[in-house]
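Step one of this worksheet: look at the structure below.
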Amino acid sequence: MNRWLNRVAVVTGASAGIGAACCRDLVAKGMVVVALARRDKVLKDIKSSLPADQAARFHFRPCDVSKEQEVVDAFAWIDKTLGGADVLINNAGIVRNTTLTDLGNSDDLRAILEVNVLGVTWCTREAFQSLQRRKVNDGHVVIINSVVGHKVPVVEDFSWNIYPASKHAITALVEVLRQEFNQKGTKTKITSISPGVVATEIFEAGSWEYPTGRPMLRSEEVADAVSYCIQTPPNVQIHELIIKPVGEHF
6 MNRWLNRVAV VTGASAGIGA ACCRDLVAKG MVVVALARRD KVLKDIKSSL PADQAARFHF
66 RPCDVSKEQE VVDAFAWIDK TLGGADVLIN NAGIVRNTTL TDLGNSDDLR AILEVNVLGV
126 TWCTREAFQS LQRRKVNDGH VVIINSVVGH KVPVVEDFSW NIYPASKHAI TALVEVLRQE
186 FNQKGTKTKI TSISPGVVAT EIFEAGSWEY PTGRPMLRSE EVADAVSYCI QTPPNVQIHE
246 LIIKPVGEHF
């Protein structure tokens, strides 16, 4: 991680789960971290829980990534205050407990696409433009995808609804972005990390039902994968990394 010391990493969906784990891991390894999430109070609590030297390198800003202007404003603030983003961890994502054939679920389905697809697009665009303006050629964009972004498993009495479609879109977006980065002559890398089911507050809050007793990953294990991917040598790009807990049923 030496080349990333005191450089800026932006983490979306940073208030819990994988996002919070990434923030803690990256700031502990010497990066300046900007946490973006909707819940300002939780971000304050994360900062207050850090050792003093890490807290000094931890910054946060409320941001709903589904709102394009909020994303634009957040990255403008990062450019002005910290000099710009060098690493982006696109982690923000939501799920909803519904089916595609339910009535009255339009808002839920629309919200999933706005956060999981458009939010990633807005954040990646703004981070890449920041790199280009500053002539930084070694940035790294990481997108937290999912195993259901590659194949939709059958789970008894359970509907994935539009969530896999949003993650299949991410799989395609990562390849399009890789091509665009190449076409623009940059050596900025892009990586898709596709975990299996991760034990996060999504399940604790009951916003999504999942059969009990199934193996799950921990958020910290996904954060480890993020650190691994951004530490590769300049000529090595991990395009897709799939991680599953041992014994996962799909």
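Positions in the sequence shown are counted from 1; adding 5 to them yields my numbering.
Beta carbons are placed, not taken as given, at the ideal position from N, Cα and C, and that holds for glycine.
Remember, it's a predicted structure, so these values are computed and weren't measured experimentally.
Whole-angstrom distance between residue j and residue i, CA atom to CA atom
{"i": "Pro158", "j": "Ser53", "result": "40 Å"}
{"i": "Ala21", "j": "Arg66", "result": "14 Å"}
{"i": "Leu93", "j": "Leu87", "result": "14 Å"}
{"i": "Lys140", "j": "Glu73", "result": "24 Å"}
{"i": "Leu178", "j": "Ala97", "result": "15 Å"}
{"i": "Gly124", "j": "Arg130", "result": "10 Å"}
{"i": "Ser111", "j": "Ile149", "result": "25 Å"}
{"i": "Ile243", "j": "Asp229", "result": "14 Å"}
{"i": "Glu226", "j": "Leu55", "result": "20 Å"}
{"i": "Val160", "j": "Phe255", "result": "9 Å"}
{"i": "Gln184", "j": "Ile23", "result": "27 Å"}
{"i": "Lys156", "j": "Asp107", "result": "23 Å"}
{"i": "Asp45", "j": "Asp78", "result": "16 Å"}
{"i": "Leu246", "j": "Arg8", "result": "22 Å"}
{"i": "Lys234", "j": "Ser224", "result": "In the sequence under discussion, the amino acid at residue 234 is Cys, which differs from the Lys named in the question. Cα-Cα distance, rounded: 16 Å."}
{"i": "Lys189", "j": "Phe163", "result": "43 Å"}
{"i": "Trp165", "j": "Ala25", "result": "25 Å"}
{"i": "Ala60", "j": "Thr126", "result": "29 Å"}
{"i": "Arg138", "j": "Phe186", "result": "14 Å"}
{"i": "Thr176", "j": "Ala57", "result": "38 Å"}
{"i": "Gly109", "j": "Gln134", "result": "38 Å"}
Chain-order list of residues whose beta-carbon lies under 8 Å from that of residue i (same chain, five-residue window excluded)
{"i": "Ser232", "result": "Met6, Asp30, Leu31, Lys34"}
{"i": "Ala132", "result": "Val15, Phe80, Ala90, Leu93, Gly144, Val146"}
{"i": "Ile167", "result": "Leu105, Leu114, Ile117, Leu118"}
{"i": "Asn240", "result": "none"}
{"i": "Trp82", "result": "Arg66"}
{"i": "Leu136", "result": "Gly89, Ala90, Asp91, Asn142, Gly144, Thr191, Thr193"}
{"i": "Asn11", "result": "Gly35, Met36, Val37, Arg62"}
{"i": "Thr205", "result": "Ala21, Gly22, Ile23, Ser224"}
Burial state of residue i (16 or more Cβ within 10 Å)
{"i": "Lys194", "result": "buried"}
{"i": "Ser171", "result": "buried"}
{"i": "Asn95", "result": "buried"}
{"i": "Ala40", "result": "buried"}
{"i": "Thr196", "result": "buried"}
{"i": "Gly218", "result": "exposed"}
{"i": "Leu222", "result": "buried"}
{"i": "Thr237", "result": "exposed"}
{"i": "Val100", "result": "buried"}
{"i": "Val251", "result": "exposed"}
Close Cβ partners of residue i (< 6 Å) along its chain, the five nearest in sequence each way excluded
{"i": "Glu253", "result": "Gly201, Pro220"}
{"i": "Ala174", "result": "Val122"}
{"i": "Cys68", "result": "Leu41, Glu75, Ala79"}
{"i": "Val13", "result": "Val37, Leu87, Ala90, Asp91"}
Anticipated Cβ contact below 8 Å, residue i with residue j, distance rounded
{"i": "Pro169", "j": "Val153", "result": "4 Å"}
{"i": "Val120", "j": "Ser71", "result": "5 Å"}
{"i": "Ile51", "j": "Cys28", "result": "6 Å"}
Same chain only: Cβ atoms within 7 Å of residue i, ignoring 5 sequence neighbours per side
{"i": "Leu48", "result": "Ala19, Ser20, Ala40, Ala42, Phe65"}
{"i": "Lys249", "result": "Val152, Gly201"}
{"i": "Cys128", "result": "Thr17, Val70, Val76, Leu93, Asn95"}
{"i": "Lys256", "result": "Past the edges of the chain, shown from 6 to 255, lies residue 256, and the structure says nothing about it."}
Closer than 8 Å: residue i CB and nearest the ligand FMN heavy atom
{"i": "Lys46", "result": "The model depicted lacks the ligand FMN and carries no ligand whatsoever."}
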